[in-house]
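A.B. asks:
Numbering (UniProt numbering), first residue to last: 1 to 629.
Here it is in structure tokens:
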């Protein structure tokens with residue numbers, strides 16, 4: 001098998017394998033070797049090479065004669081506009097923005113915060129920083145002022161690139177008041193802020209502010225500045241960060257190599273084809289697979305400013321795929337759950353030609369069998385689950401379609417990718433037998449593109465990822481490896497509950513509940529129990545149109561879990577809710593729900609999409625007697 005050949009090559013000869021992959025990238029100076037021990041917590045890749053990320057994502061395609069190829073399609077159903085930008089146009093726009101930044105004193109190693117919605121200028125901001133060796137840190141547009149201030153104080157940016165507003169569904173979110181509040185709160189002050197004025201909500205300008213159009217209008221284009229292979233391309237603060245920030249650092253050289261490899265071998269997409277990742281530039285998927293990977297590979301990337309439902313309805317995904325002839329689509333399972341809940345028979349797909357679409361990829365959370373089956377059935381396309389993290393930047397485990405797809409096991413992201421030697425460990429750090437639940441850990445060193453540390457927090461990096469299992473990177477996920485070597489990610493380690501001495505995965509219970517025809521979405525948490533220590537409690541959202549009594553559905557769910565997992569699960573508690581609390585990236589806030597249920601102190605999550613949902617959860621819990629007493 002092609003996958004096994006590449007995996008074994010990377011395991012037995014990492015130096016040779018990763019130097020071979022590096023040749024797909026344009027280097028100003030080819031690294032002398034792949035792996036360098038520089039005395040840090042982990043070795044680093046391509047450290048003595050010189051390279052530029054913007055050149056690899058933009059200029060080299062123009063120089064190769066592909067300047068007329070469309071680089072970015074901006075599709076904004078909320079404003080009713082579609083914009084196409086060619087590689088030649090993108091080069092000119094990015095070079096002018098980079099030149100404007102350089103003229104104001106931004107240089108290699110300086111940090112620039114990007115606080116923008118899903119508009120082409122957000123990608124241009126990232127690429128302009130890469131062009132001159134500045135380090136960008138994208139903060140999700142509309143993030144609360146206090147959280148933005150924390151990131152300003154940690155990254156200490158010379159400049160902030162922002163927009164006057166974002167549009168989320170039918171709601172216009174003014175960004176400028178949040179930005180002003182953050183700058184006021186922060187101890188560190190940027191030298192200047194550049195503001196893209198949008199017609200949906202124009203901003204009042206202050207003494208630090210420069211209009212985006214004025215900023216770039218007369219700027220001299222900047223050339224690409226070569227940086228070392230281990231120079232930080234960006235800092236990305238992980239979702240859910242509270243208190244001290246946790247800024248993941250992405251090294252430039254390994255980032256370019258890993259992403260280009262993934263486009264060919266995992267996603268099986270060719271230069272010139274259209275790749276759409278329905279995410280946001282504020283998250284790692286937006287960095288890796290909206291901005292960098294498609295452009296590095298010479299594809300057309302879709303920048304989508306909308307929602308899977310409500311802009312205007314559950315037909316939006318199908319319409320965008322058809323209109324732009326998307327070849328490969330990537331989203332989170334929660335997006336398709338929203339579509340399925342609104343349109344369970346996919347009637348709104350009618351009239352949309354998906355013949356260009358080859359493959360659908362899911363990531364970001366566990367993909368239950370029910371949603372995979374539904375998407376595959378209504379589209380007639382292969383649906384591939386894969387697993388990775390902000391810290392890794394690309395897939396840890398996947399079904400590498402470009403190397404010849406492996407047999408699909410629904411519920412498993414399949415097999416480790418080259419450079420990832422995965423083990424499942426018990427609490428003492430010993431490997432457990434196949435099929436046994438444990439902590440998923442990866443042998444060091446991690447492959448190119450993965451984090452070499454946290455920004456200004458290397459002690460925290462060691463404590464968070466390296467200390468629990470010496471010689472391993474601790475993923476924080478719980479799972480198992482089966483007899484065929486397939487990995488199964490069952491839950492975050494914190495979501496494995498102990499019921500009367502039995503370690504049980506809440507993810508496994510969620511998968512059973514999701515198979516019920518009336519359940520559109522669900523979450524299971526562990527709650528304190530005097531007799532068993534913990535017991536599971538389920539939250540269920542019903543499919544649109546279900547009108548049966550809630551008690552009847554709950555009773556069926558209890559029987560389903562008992563039949564599929566067994567009485568040991570002790571699943572008897574549940575409640576029906578209209579929606580689940582999530583981060584803006586779509587992750588369910590299980591830990592917060594658990595704190596509410598147990599009556600523990602909790603803090604409003606920084607990344608929550610709608611804080612009012614937690615009041616609804618508290619009311620639902622109160623109806624069934626939680627918190628106790």
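For glycine and all other residues, C-beta sits at the position ideal for the given N, C-alpha and C.
So who's on the other strand from residue 301, going by DSSP bridges?
C.D. replies: To locate residue 301, count along the chain shown from 1; it is residue 301. In the DSSP output, where bridge partners are listed per residue, residue 301 has 72, 275.
A.B. asks: Who pairs with residue 583 in a beta bridge, going by DSSP?
C.D. replies: Numbered from 1 along the chain shown, position 583 holds the residue referred to as residue 583. According to DSSP, which records beta bridges pairwise, residue 583 is partnered with 608.
A.B. asks: Count the other CB atoms within 10 Å of the CB of residue 544; is the residue buried (16 or more) or exposed (fewer)?
C.D. replies: As a working note, residue 544 is residue 544 in the chain shown. Flag for residue 544 reads exposed.
A.B. asks: Could you tell me the distance, in whole angstroms, from the CA atom of residue 105 to the CA atom of residue 192?
C.D. replies: Walking along the chain shown from the start, residue 105 turns up at place 105. Walking along the chain shown from the start, residue 192 turns up at place 192. Rounded to the nearest angstrom, the two C-alpha atoms are 11 Å apart.
A.B. asks: Taking Cβ to Cβ, would you say residue 46 is nearer than 8 Å to residue 34?
C.D. replies: On the chain shown, position 46 is the one that residue 46 refers to. On the chain shown, position 34 is the one that residue 34 refers to. Contact flag set, yes.
A.B. asks: Which of the three DSSP states is assigned to residue 389 in this structure?
C.D. replies: One-based indexing of the chain shown puts residue 389 at position 389. Looking at residue 389 - three-state DSSP - the assignment turns out to be coil, as it is neither helix nor strand.
A.B. asks: So, helix, strand or coil for residue 483, using DSSP?
C.D. replies: Counted from its first residue, the chain shown places residue 483 at position 483. Three-state DSSP puts residue 483 in coil, outside helix and strand.
A.B. asks: CB residue 102 to CB residue 149, shorter than 8 Å?
C.D. replies: For the purposes of this step, residue 102 is identified with residue 102 of the chain shown, where counting begins at 1. For the purposes of this step, residue 149 is identified with residue 149 of the chain shown, where counting begins at 1. Cβ atoms of residue 102 and residue 149: not closer than 8 Å.
A.B. asks: Mark residue 2 as exposed unless 16 or more other C-beta atoms lie within 10 angstroms of its C-beta, in which case mark it buried.
C.D. replies: Position 2 of the chain shown holds residue 2. Counting Cβ neighbours within 10 Å, residue 2 comes out exposed, since fewer than 16 surround it.
A.B. asks: Have a look at 472, 162, 564, 251 and flag the residue whose alpha-carbon is nearest the alpha-carbon of residue 510.
C.D. replies: Here residue 510 refers to the residue found at position 510 when the chain shown is read from its first residue. Among 472, 162, 564, 251, the Cα nearest to that of residue 510 is on 564.
A.B. asks: Ends of the alpha helix (DSSP H) at residue 151?
C.D. replies: Start at 1 with the first residue of the chain shown, and residue 151 comes out as number 151. First-last of the alpha helix (DSSP H) with residue 151: 145–155.
A.B. asks: Just verifying my parser: in three-state terms, what is the DSSP assignment at residue 8?
C.D. replies: Along the chain shown, one-based indexing puts residue 8 at 8. In this structure, residue 8 counts as helix in the three-state DSSP scheme.
A.B. asks: Taking residue 156 as the reference, which of 201, 141, 109, 166 has the closest Cα?
C.D. replies: In the chain shown, residue 156 corresponds to position 156, counting from 1. For residue 156, the nearest C-alpha among the options comes from 109.
A.B. asks: Going by beta carbon distance, what residues of the same chain come within less than 6 Å of residue 134, once the five residues before and after it are set aside?
C.D. replies: Position 134 of the chain shown holds residue 134. Correct list, in chain order: 106, 110, 112.
A.B. asks: Hey, residue 573 and residue 537 are a contact pair by Cβ (cut 8 Å); roughly how many whole angstroms apart?
C.D. replies: Counting from 1 along the chain shown, the entry for residue 573 is found at position 573. Counting from 1 along the chain shown, the entry for residue 537 is found at position 537. The pair is a contact, with the Cβ atoms about 4 Å apart (cut-off 8 Å).
A.B. asks: Reducing DSSP to helix, strand and coil, say where residue 439 ends up.
C.D. replies: On the chain shown, residue 439 is found 439 positions in, with the first residue counted as 1. Strand, per DSSP.
A.B. asks: By Cβ distance, which residues of its chain are closer than 6 Å to residue 460, with the 5 residues on each side in sequence left out?
C.D. replies: For the purposes of this step, residue 460 is taken as the residue at position 460 of the chain shown. Around residue 460: 454.
A.B. asks: Under 8 Å, do residue 306 and residue 76 count as touching if we go by C-beta distance?
C.D. replies: Counted from its first residue, the chain shown places residue 306 at position 306. Counted from its first residue, the chain shown places residue 76 at position 76. Yes, Cβ-Cβ distance for residue 306 and residue 76 is below 8 Å.
A.B. asks: How is residue 84 classed by DSSP in three states: helix, strand or coil?
C.D. replies: The count along the chain shown starts at 1 and reaches residue 84 at position 84. Residue 84: strand per DSSP, three-state reduction.
A.B. asks: Are residue 229 and residue 49 closer than 8 Å when you measure CB to CB?
C.D. replies: Here residue 229 refers to the residue found at position 229 of the chain shown. Here residue 49 refers to the residue found at position 49 of the chain shown. Their beta carbons are under 8 Å apart, which means residue 229 touches residue 49 by this criterion.
A.B. asks: Whether or not the region 522–529 and the region 399–413 are in contact is what I'm after, with contact meaning three or more pairs of Cβ atoms, one per stretch, closer than 8 Å; do they touch?
C.D. replies: no
A.B. asks: Is it buried or exposed for residue 169, if we count other Cβ within 10 angstroms and need 16 for buried?
C.D. replies: For the purposes of this step, residue 169 is taken as the residue at position 169 of the chain shown. Taking all protein chains in view, the Cβ of residue 169 is surrounded by fewer than 16 other Cβ atoms within 10 Å, so the residue is classified as exposed.
A.B. asks: Under 8 Å, with one C-beta from each stretch per pair, do the region 267–284 and the region 323–330 reach the 3-pair mark?
C.D. replies: Taking a cut-off of 8 Å for Cβ pairs, the region 267–284 and the region 323–330 touch, as three or more such pairs fall below it.
A.B. asks: Within 10 angstroms of the Cβ of residue 91, are there 16 or more other Cβ atoms? Answer buried if so, exposed if not.
C.D. replies: The count along the chain shown starts at 1 and reaches residue 91 at position 91. Residue 91 comes out buried.
A.B. asks: When you compare each of 201, 177, 484 to residue 435 by their alpha carbons, which one comes out closest?
C.D. replies: Sequence index remark: in the chain shown, residue 435 carries index 435 (1-based). When only C-alpha atoms are compared, the closest one is 484.
A.B. asks: When the distance is taken between beta carbons, is residue 340 closer than 8 Å to residue 359?
C.D. replies: As a first step, residue 359 is located in the chain shown; it is residue number 359 there, counting from the start. As a first step, residue 340 is located in the chain shown; it is residue number 340 there, counting from the start. It is not a contact, given that the beta carbons lie outside the stated cut-off.
A.B. asks: Taking the alpha carbon of residue 176 as the point to measure from, which residue in 159, 167, 202 has its own alpha carbon closest?
C.D. replies: Indexing the chain shown from 1 puts residue 176 at position 176. Closest by alpha carbon: 202.
A.B. asks: With 16 other CB atoms within 10 Å as the buried threshold, where does residue 624 fall?
C.D. replies: As a first step, residue 624 is located in the chain shown; it is residue number 624 there, counting from the start. By the 10 Å Cβ count, residue 624 comes out exposed.
A.B. asks: Going along the chain, which residues of its own chain have a beta-carbon closer than 7 Å to the beta-carbon of residue 99, five neighbours each way excluded?
C.D. replies: For this step, residue 99 is matched to residue 99 along the chain shown. Closer than 7 Å at the Cβ level, and outside the excluded window around residue 99, lie 219, 220, 221, 222.
A.B. asks: Of all the options 550, 542, 512, which has the alpha carbon lying nearest to the alpha carbon of residue 566?
C.D. replies: Along the chain shown, read from residue 1 onward, the residue named residue 566 stands at position 566. Residue 512 is the option with its Cα nearest to residue 566.
A.B. asks: Is it the case that the Cβ atoms of residue 300 and residue 70 are separated by a distance below 8 Å?
C.D. replies: As a working note, residue 300 is residue 300 in the chain shown. As a working note, residue 70 is residue 70 in the chain shown. Going by C-beta atoms, residue 300 is nearer than 8 Å to residue 70.
A.B. asks: Would residue 489 pass as a contact of residue 479 if the rule is Cβ separation under 8 Å?
C.D. replies: Residue mapping note: residue 489 aligns to position 489 of the chain shown, counting from 1. Residue mapping note: residue 479 aligns to position 479 of the chain shown, counting from 1. Contact: yes.
A.B. asks: Just how far apart, CA to CA, sit residue 589 and residue 132?
C.D. replies: Counted from its first residue, the chain shown places residue 589 at position 589. Counted from its first residue, the chain shown places residue 132 at position 132. In a straight line, the C-alpha of residue 589 is about 38 Å away from that of residue 132.
A.B. asks: Distance check for residue 521 and residue 374, CA to CA, integer angstroms please.
C.D. replies: Taking the chain shown and counting its residues from 1, the one referred to as residue 374 is at position 374. Taking the chain shown and counting its residues from 1, the one referred to as residue 521 is at position 521. The alpha-carbon atoms of residue 374 and residue 521 are separated by roughly 13 Å.
A.B. asks: Please state the DSSP three-state secondary structure of residue 555.
C.D. replies: By 1-based counting over the chain shown, the position of residue 555 is 555. Three-state DSSP puts residue 555 in a helix.
A.B. asks: Write down the C-beta distance between residue 569 and residue 499 rounded to the nearest angstrom, noting that I regard them as a contact closer than 8 Å.
C.D. replies: In the chain shown, counting from the first residue as 1, residue 569 sits at position 569. In the chain shown, counting from the first residue as 1, residue 499 sits at position 499. Contact between residue 569 and residue 499 is confirmed by a C-beta separation of about 7 Å, below the 8 Å threshold.
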